Amino acid sequence: MAKMRTVDAIVAILEKEGATEAFGLPGAAINPLYSAMKAHGGIRHTLARHVEGASHMADGYSRAKAGNIGVCLGTSGPAGTDMITGLYAAQADSIPMLCFTGQAPVAKLHKEDFQAVDIESIAKPLTKMAMTILEPGQVPGAVQKAFQLMRTGRPGPVLLDLPFDVQMAQIEFDIDAYEPLAVQKPRATRRQAEKALDMLTAAQKPLIVAGGGIINADAAPQLVELAETLNVPVVPTLMGWGAIPDDHRLMAGMVGLQTSHKYGNATFLESDFVIGIGNRWANRHTGSVEKYTAGRTFVHVDIEPTQIGRVFSPDFGIVSDAGAFLEEILEVARERKAAGTLPDYSAWAAASQDKRGRMQRKTHFDNVPMKPFRVYEEMNKAFGPDTTYVTTIGLSQIAGAQMLHVFGARKWINAGQAGPLGWTGPAALGVVRGKPGETVVALSGDYDFQFMIEELAVGAQFQLPYIHVVVNNSYLGLIRQSQRGFEMDYHVSLAFENINSEGEGTAAGYGVDHVKVAEGLGCKAIRVEHPDDLGPAFEKARALMAEYKVPVVVEAILERVTNIAMGTELDNVVEFEDLAERHEDAPTAIVALLD
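Residue numbering for the sequence shown follows my numbering, beginning at 28 and increasing consecutively.
Structural data, given as structure tokens:
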């Protein structure tokens with residue numbers, strides 16, 4: 028066998044496991060691993076400007092394509108603690124991501140050595156495994172186990188902490204004899220699938236709730252086939268959005284308190300049976316459990332056994348990978364369709380589409396400063412079905428989810444549960460790495476954009492082009508709206524007179540000059556103050572992106588205060604604007620408004 032440093036073994040394993048895309052920052056304690064990557068030459072590395080940014084890039088890369096596992100690297104001490112938010116975002120949304128941190132030598136770990144922090148203990152609650160490797164001989168096995176854990180059951184991140192002397196140690200290792208460990212995923216049985224289908228077909232108005240587990244399982248085609256075989260409407264969760272295209276006749280809209288459609292909530296409240304596949308019953312989707320479950324029978328399918336019953340007890344729970352379950356129930360459904368024993372749900376399916384044609388939010392406003400709804404309308408016009416949207420949290424995300432259209436799996440990439448501000452930009456860079464040549468459009472409010480704004484320079488340096496739409500009201504808009512219940516508007520305004528950006532126009536007094544900052548970081552930027560200029564601005568952004576191969580920021584100056592539809596229960600979502608009354612009020616709606 029060959030004798031080599033442990034770090035050389037790590038890099039060889041990364042290549043064999045197919046994890047060849049890395050994001051990070053070198054430092055003294057992780058330099059041995061970087062030297063191994065340099066010597067090997069097969070790992071592409073993107074240099075971030077902040078380690079948290081690197082972790083979000085790796086996360087975005089993992090989400091971009093089935094089978095991807097992004098790698099994040101950082102030195103000892105603060106680099107590991109900087110990764111914690113990235114680990115949380117990945118763990119919360121079941122995303123595999125492998126993080127390496129450098130560490131002080133083993134003999135120094137108990138001596139409060141420089142940047143020697145117990146990152147294993149800090150990271151354990153937010154990972155599938157966090158381990159400080161104390162023995163060189165454990166390194167290959169630890170990395171092997173990391174890949175198995177990331178892929179087994181509910182996916183998630185792993186952190187491996189590497190003391191400097193462990194990295195430099197020589198071990199015997201033969202990469203040709205290395206084999207990835209077997210991955211275990213639970214599978215539904217025929218009997219379970221039959222029972223689930225029996226319960227569904229006993230209902231008058233059944234619904235399928237499609238969660239992010241379907242995306243993770245790369246099983247969107249099977250979901251669509253099941254819906255079409257049964258002729259049953261589908262409600263995607265925020266993490267499952269795109270599993271069924273928005274223009275499909277069985278897409279019933281999203282349900283929830285914020286990122287939802289009025290017609291989606293209305294259809295759900297009429298249902299009498301719900302089968303959730305690969306979903307968590309997240310609180311922004313359900314509202315109160317009492318309202319959500321009243322009058323309905325539930326089947327819950329999830330890959331993680333302890334997820335069944337976590338939020339409420341279903342009438343029938345099935346522990347299974349979403350793809351494996353869909354394959355099993357599809358076989359049963361095909362047989363019953365061929366035998367002519369499936370109920371006819373065509374009237375129920377048509378009713379859900381009728382609601383789509385009658386319960387639409389207005390998007391066409393000509394106000395100056397602009398209302399955000401018009402921005403999303405123009406985005407729908409400018410960006411086609413091939414577009415991948417990337418976003419995280421805030422009124423921008425909530426309104427975007429209400430107004431934008433998504434036409435395929437992994438075309439809506441969202442840090443759904445954790446929702447860390449600043450995630451959008453670096454995650455978009457990771458998505459560009461994972462989807463080279465495809466159209467990637469990020470969506471941020473001004474506050475999300477200002478978090479980690481320095482990562483724009485990474486896009487310029489490494490020529491990672493995407494369009495970043497910034498809807499700027501110079502406010503912490505979601506927090507301002509939530510403060511209405513406290514009758515206050517306290518420390519949520521970002522506005523000030525910028526002494527370096529004097530001039531007239533609606534952007535005066537909005538504070539940070541995002542155009543100047545973006546240009547200073549090597550990118551292109553366009554400011555739009557009139558709604559009629561949005562279309563030309565998006566067209567120009569595409570041209571600039573193609574010419575310069577850098578991120579292009581399109582900043583839309585909004586009115587300072589806009590309240591976005593949301594509520595505390597599915598039946599009391601407050602609509603702050605009038606609904607569309609004619610087609611011209613919502614010209615980019617998928618289903619034309621019915622008079």
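Yeah, the Cβ is synthetic: ideal placement off N, Cα and C, and Gly gets one too.
None of the values given here were measured: they were computed from a predicted structure.
Own chain partners of E524 with C-beta closer than 6 angstroms, once the 5 adjacent residues on each side are dropped: G536
Cβ shell of E566 (< 8 angstroms), same chain only, five flanking positions each side left out: A409
Whether A613 touches Q387 by CB criterion (7 angstroms): Yes, they are a contact pair.
Any non-hydrogen atom of the ligand GTP within 6 angstroms of C550 CB: With respect to the ligand GTP, the structure shown offers nothing to examine, as it has no ligands at all.
Proximity below 7 angstroms, CB of S89 to CB of M124: yes
Which listed residue (F352, T256, N394 and S62) has its alpha carbon closest to that of G303: F352
Identity of the residue in D274, R383, P558 and T33 nearest I198 by Cα: T33
Beta strand (DSSP E) segment containing S471, residue limits: V467 to G472
Contact belief for A376 with L277 at Cβ below 8 angstroms, rounded distance in angstroms: 6 angstroms
Limits of the unbroken alpha helix (DSSP H) element including K172: V166 to R178
N- and C-terminal bounds of the beta strand (DSSP E) containing Y537: First-last for Y537: undefined, no H or E at that position.
Distance between A66 and A85 (C-alpha atoms, nearest Å): 22 angstroms
Test item: CB-CB of D35 and A63 under 7 angstroms: yes
Rounded separation between I70 and E42 - CA only: Between I70 and E42, the C-alpha separation is close to 7 angstroms.
Residue of S528, I526, N527 and G538 minimising C-alpha distance to S520: G538
H77 classed as buried or exposed, judged by whether at least 16 other C-beta atoms fall within 10 angstroms: buried
Sheet register partners of N499 (DSSP bridge): I584
Cβ neighbour criterion (16 or more within 10 Å) applied to L470: buried
Local conformation of L125 per DSSP, three classes: strand
Through-space distance from I235 to P341, alpha-carbon basis: 14 angstroms
Option in K212, N95 and M397 with minimal Cα separation from V346: K212
Buried or exposed by the 16-neighbour rule on C-beta atoms within 10 Å, applied to M515: exposed
Where K462 falls, given that 16 or more other Cβ within 10 Å makes a residue buried: buried
Coarse secondary structure for V210, derived from DSSP in three states: coil
Rounded Cβ spacing between P132 and D192 (contact assumed at less than 8 angstroms): Indeed, because the Cβ distance is near 4 angstroms, the residues count as touching under 8 angstroms.
Boundaries (first-last residue) of the alpha helix (DSSP H) holding K567: L561 to Y575
Separation of Y61 from Q194, as counted between CA atoms: 11 angstroms
Three-state class that DSSP yields for Y517 in the structure shown: Y517 falls in the coil class under three-state DSSP.
Buried versus exposed, by CB contacts within 10 Å (16 or more), L161: exposed
For H67, the first and last residue of its enclosing alpha helix (DSSP H): First-last of the alpha helix (DSSP H) with H67: N58 to H67.
Extent of the continuous alpha helix (DSSP H) run through P453: T451 to G461
E187 - containing beta strand (DSSP E), residue span: One detail in the question is off: residue 187 reads as Leu in this sequence, not Glu. Segment P184 to P190, the beta strand (DSSP E) holding L187.
Completely contained alpha helix (DSSP H) runs for the region 303-335, where each covers 4 or more residues: 310-313 and 316-320
Sub-7 angstroms separation of G27 and G384 beta-carbons: Here the chain has residues from 28 to 622 only, and residue 27 is not among them.
Local conformation of G512 per DSSP, three classes: helix
Option nearest V395 by Cα separation, candidates I584, K318, A442 and Q444: The residue with the shortest Cα to Cα distance from V395 is I584.
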